[in-house]
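Novice:
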Amino acid sequence: MELALYHPERGYYTTDAERPTRSGDFLTAPEVHPMFGQLLARQLDEMWRHLGQPDPFILREHGAGRGVLGEAILAGLAAEGSGLSETIRYEPVDLPQRTEAARARVQAAGFERTMPHEGAGAQPSGTITGCILANELLDALPVHRLGMLDGSLVEWFVVWRDGWFGEAPGPPSDSAVASHLERAGVTLREGQRAEVSPAAATWISEAAASLERGYVVLIDYGYPAAQLYGERRHRGTLRAFRGHHVSDDPFRAVGAQDLTAHVDLTTAERVARDAGLTLLGSTTQAEFLLGLGLGDLLGAAQQATVAGLPTLLAARTAAARFIDPGALGGFAVLIFGRGVATERPLRGLAFRVPRPD
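In the working numbering, the protein residues as written are 1 to 357.
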């Protein structure tokens with residue numbers, strides 16, 4: 001999976017310049033509408049104020065892609081007259097060519113002042129005060145496929161057979177892979193398959209180590225371990241996306257399709273806690289965005305006389321996708337903190353959709 005996504009010459013993410021954009025295969029929330037970034041800007045403004053308005057406030061976005069979300073956040077801060085717009089520094093982190101594309105986009109939008117002065121290809125480093133943001137990053141990190149076969153835990157490995165890729169079972173490749181499910185309190189059933197991601201755990205630990213004071217915001221699709229590895233997902237969650245079509249065949253178009261697997265939220269919380277972070281709260285993306293004022297933002301767009309009908313329809317369609325529990329609205333939002341006042345609730349975590357008894 002790592003080679004299929006990140007091989008220097010043939011990986012999905014390293015060759016995406018040869019395709020129109022990743023959005024040709026799968027739309028992330030920032031690509032649906034700038035409102036997503038505008039609402040995140042409101043949450044960042046509140047975080048900045050809770051931290052005592054530090055200058056600079058670093059926003060380090062991992063998996064920044066071409067900077068679509070970063071641009072929308074900075075534009076949102078400026079549009080609302082936030083004082084954070086004067087002190088924020090935006091640090092995109094991604095593969096080198098994508099990091100440069102993100103920087104170029106933000107600079108072209110007039111936010112050059114917010115960018116750190118680093119050489120071409122340089123990646124941000126060191127500890128920060130501010131926020132580490134990862135939107136749909138963890139699902140794209142490599143996974144190991146495990147299974148229960150004849151009463152034994154096995155790992156399914158990629159093999160080359162008869163001129164094509166296939167799978168073959170074997171003993172788990174290392175102890176960390178084998179112990180992942182045990183630490184999550186999960187026992188697989190006979191014939192079941194499941195994905196585990198030591199890479200995601202490593203990323204969370206490293207992100208925590210780079211945060212001196214502030215917040216870590218994770219937005220992704222996933223479930224607590226009991227649900228993720230439950231009977232409903234007997235064959236696992238590894239999926240391939242290409243041309244807005246989904247497949248469970250990771251070998252169909254190696255290097256030309258996006259590969260993802262749902263995030264184990266139980267393990268994410270445990271690893272973050274072990275790394276010294278405090279879970280401030282978790283919610284769905286729908287509730288997160290509604291708590292930040294999605295309804296107000298949509299209402300303002302509908303009342304704006306300068307907005308034409310197509311603009312209004314685009315905003316309404318995007319809002320519907322943002323809150324649809326079967327689409328983007330069902331994504332998980334986890335917010336962790338270090339050195340922050342835990343008794344001061346964040347606006348994005350305060351909203352709850354009423355549920356029937």
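Quick reminder that beta carbons are idealized off the backbone N, C-alpha and C, glycines included.
Which whole-angstrom value is the C-beta distance of Ser197 and Val143, which I expect to be below 8 Å?
Specialist: The sequence position of residue 197 within the sequence shown is 197, counting from 1. The sequence position of residue 143 within the sequence shown is 143, counting from 1. Ser197 to Val143, Cβ: 5 Å. Contact.
Novice: Distance check for Arg232 and Ser152, CA to CA, integer angstroms please.
Specialist: Here residue 152 corresponds to residue number 152 of the sequence shown, with the count starting at 1. Here residue 232 corresponds to residue number 232 of the sequence shown, with the count starting at 1. Answer to the nearest angstrom: the Cα atoms are 21 Å apart.
Novice: Apart from the five residues just before and just after Asp94, which ones in its own chain have a Cβ nearer than 7 Å to its Cβ?
Specialist: Reading the sequence shown from its first residue, position 94 is the one you call residue 94. For Asp94, where only same-chain residues beyond five positions count, the Cβ hits under 7 Å are Gly63, Ala64, Gly65 and Ala102.
Novice: Just list the residues that DSSP pairs His144 with in beta bridges.
Specialist: Here residue 144 is taken as the residue at index 144 of the sequence shown, counted from 1. BP columns for His144 point to Val196.
Novice: With DSSP run on the structure shown, which of helix, strand or coil describes Asp150?
Specialist: Start at 1 with the first residue of the sequence shown, and residue 150 comes out as number 150. Coil.
Novice: Would you mind stating whether Gly214 and Leu51 have Cβ atoms separated by less than 8 Å?
Specialist: Position 214 of the sequence shown, counting from 1, holds the residue named residue 214. Position 51 of the sequence shown, counting from 1, holds the residue named residue 51. Yes, these two residues count as a Cβ contact at 8 Å.
Novice: Return yes when the Cβ of Arg321 is within less than 8 Å of the Cβ of Leu313, no when it is not.
Specialist: Translated into positions along the sequence shown, residue 313 becomes position 313. Translated into positions along the sequence shown, residue 321 becomes position 321. Taking 8 Å as the Cβ cut-off, Leu313 and Arg321 do not qualify as a contacting pair.
Novice: Suppose you measure from the CA of Gly337 to the CA of Glu86; what does that come to, to the nearest Å?
Specialist: In the sequence shown, counting from the first residue as 1, residue 337 sits at position 337. In the sequence shown, counting from the first residue as 1, residue 86 sits at position 86. About 23 Å.
Novice: Measuring only the C-alpha atoms, how far is Asp174 from Glu182?
Specialist: Taking the sequence shown and counting its residues from 1, the one referred to as residue 174 is at position 174. Taking the sequence shown and counting its residues from 1, the one referred to as residue 182 is at position 182. Their backbone Cα atoms lie some 14 Å apart in a straight line.
Novice: With DSSP collapsed to three states, give me the class of Ser282.
Specialist: If you number the sequence shown from 1, residue 282 lands on position 282. Three-state result, Ser282: strand.
Novice: Grab me the residues of Leu188's own chain with a C-beta within less than 8 Å of its C-beta, minus the 5 sequence neighbours each way, in chain order.
Specialist: Stepping through the sequence shown from its first residue, residue 188 is reached at position 188. Same-chain partners within the cutoff: Leu146, Gly147, Met148, Leu153, Leu181, Ala194 and Tyr229.
Novice: By the DSSP assignment, the alpha helix (DSSP H) with Val177 in it spans what residues?
Specialist: Taking the first residue of the sequence shown as 1, we reach residue 177 at position 177. Segment Ser175 to Arg183, the alpha helix (DSSP H) holding Val177.
Novice: Give a yes or no on whether the C-beta atoms belonging to Thr267 and Ala225 are separated by under 8 Å.
Specialist: Position 267 of the sequence shown, counted from the start, is the residue given in the question as residue 267. Position 225 of the sequence shown, counted from the start, is the residue given in the question as residue 225. Yes, the pair counts as a contact, with Cβ atoms nearer than the cut-off.
Novice: Specify the secondary structure class of Ala341 as computed by DSSP and reduced to three states.
Specialist: Locating residue 341 in the sequence shown gives position 341, counting from the first residue. Three-state result, Ala341: coil.
Novice: Contact defined as beta carbons within less than 8 Å: I believe Ala319 pairs with Tyr221. What is the distance between those atoms, to the nearest angstrom?
Specialist: Within the sequence shown, the letter at position 319 stands for residue 319. Within the sequence shown, the letter at position 221 stands for residue 221. At roughly 19 Å, the Cβ-Cβ gap does not stay under 8 Å, so Ala319 and Tyr221 are not in contact.
Novice: Taking the CB atoms as reference points, tell me whether Arg89 and Thr114 lie closer together than 8 Å.
Specialist: Counted from its first residue, the sequence shown places residue 89 at position 89. Counted from its first residue, the sequence shown places residue 114 at position 114. The answer is yes: Cβ separation under 8 Å.
Novice: Considering just the uninterrupted stretch of the alpha helix (DSSP H) at Arg213, what are its terminal residues?
Specialist: Stepping through the sequence shown from its first residue, residue 213 is reached at position 213. Note, Arg213: premise wrong, no alpha helix (DSSP H); beta strand (DSSP E) at Leu211 to Asp220.
Novice: Give every residue of the same chain whose Cβ lies closer than 8 Å to the Cβ of Val177, excluding the five residues on either side of it in the sequence, and list them in chain order.
Specialist: Counting from one through the sequence shown, the residue named residue 177 turns up at place 177. Hits under 8 Å: His144, Leu146, Glu155, Val196 and Pro198.
Novice: Quick check on Phe322: does DSSP put it in helix, strand or coil?
Specialist: Here residue 322 is taken as the residue at index 322 of the sequence shown, counted from 1. Helix.
Novice: Between the C-alpha atoms of Ala275 and Ala209, what's the straight-line distance to the nearest angstrom?
Specialist: Looking up residue 275 in the sequence shown gives position 275. Looking up residue 209 in the sequence shown gives position 209. Looking at the two C-alpha atoms, the distance is approximately 7 Å.
Novice: State the DSSP-derived secondary structure class of Ser205, mapped to helix, strand or coil.
Specialist: For this step, residue 205 is matched to residue 205 along the sequence shown. Looking at Ser205 - three-state DSSP - the assignment turns out to be helix.
Novice: Return helix, strand or coil for Val254, following the three-state DSSP convention.
Specialist: Reading the sequence shown from its first residue, position 254 is the one you call residue 254. Here Val254 sits in coil by DSSP.
Novice: Leu297 to Gly76, Cα distance in whole Å?
Specialist: Residue numbering aside, residue 297 sits at position 297 when the sequence shown is read from its first letter. Residue numbering aside, residue 76 sits at position 76 when the sequence shown is read from its first letter. Going by the C-alpha atoms only, they are around 11 Å apart.
Novice: Given a cut-off of 8 Å on the beta-carbon distance, is the pair Leu211 and Leu334 in contact?
Specialist: For this step, residue 211 is matched to residue 211 along the sequence shown. For this step, residue 334 is matched to residue 334 along the sequence shown. For Leu211 and Leu334, no; Cβs fall outside 8 Å.
Novice: Go to Glu112, then tell me how far its beta strand (DSSP E) extends in each direction, as first and last residue.
Specialist: Position 112 of the sequence shown, counted from the first residue, corresponds to residue 112. Where Glu112 is concerned, there is no enclosing beta strand (DSSP E), given that its DSSP letter is neither H nor E.
Novice: Out of Thr317, Gly326, Leu138 and Leu309, point me to the one whose CA is closest to Glu269's CA.
Specialist: Within the sequence shown, numbered from 1, the residue matching residue 269 stands at position 269. Checked all of Thr317, Gly326, Leu138 and Leu309; the closest Cα to Glu269 is Leu138.
Novice: Can you give the Cα-Cα distance for Gly11 and Ala341, rounded to whole angstroms?
Specialist: For this step, residue 11 is matched to residue 11 along the sequence shown. For this step, residue 341 is matched to residue 341 along the sequence shown. Approximately 42 Å between the Cα atoms of the pair.
Novice: Threshold first: 3 residues or longer. Then list the beta strand (DSSP E) segments lying entirely within the region 31-115, N to C.
Specialist: Segments of the beta strand (DSSP E) lying fully in the region 31-115: 57-62 and 88-93.
Novice: Could you check the C-alpha separation between Thr21 and Ile128 for me, to the nearest Å?
Specialist: As a first step, residue 21 must be located in the sequence shown, where it is residue number 21. As a first step, residue 128 must be located in the sequence shown, where it is residue number 128. For Thr21, the predicted model reports a pLDDT of 47, less than 50, meaning its position is unreliable; a value from the coordinates is still stated below. If I take the Cα positions, the gap works out to 31 Å.
Novice: To the nearest angstrom, how far is it from the Cα of Gly330 to the Cα of Leu27?
Specialist: Reading the sequence shown from its first residue, position 330 is the one you call residue 330. Reading the sequence shown from its first residue, position 27 is the one you call residue 27. Going from the Cα of Gly330 to the Cα of Leu27 covers about 15 Å.
Novice: Please tell me whether Ala253 and Arg239 are closer than 8 Å, where the distance is taken between their beta carbons.
Specialist: As a first step, residue 253 is located in the sequence shown; it is residue number 253 there, counting from the start. As a first step, residue 239 is located in the sequence shown; it is residue number 239 there, counting from the start. No, Cβ-Cβ distance for Ala253 and Arg239 is not below 8 Å.
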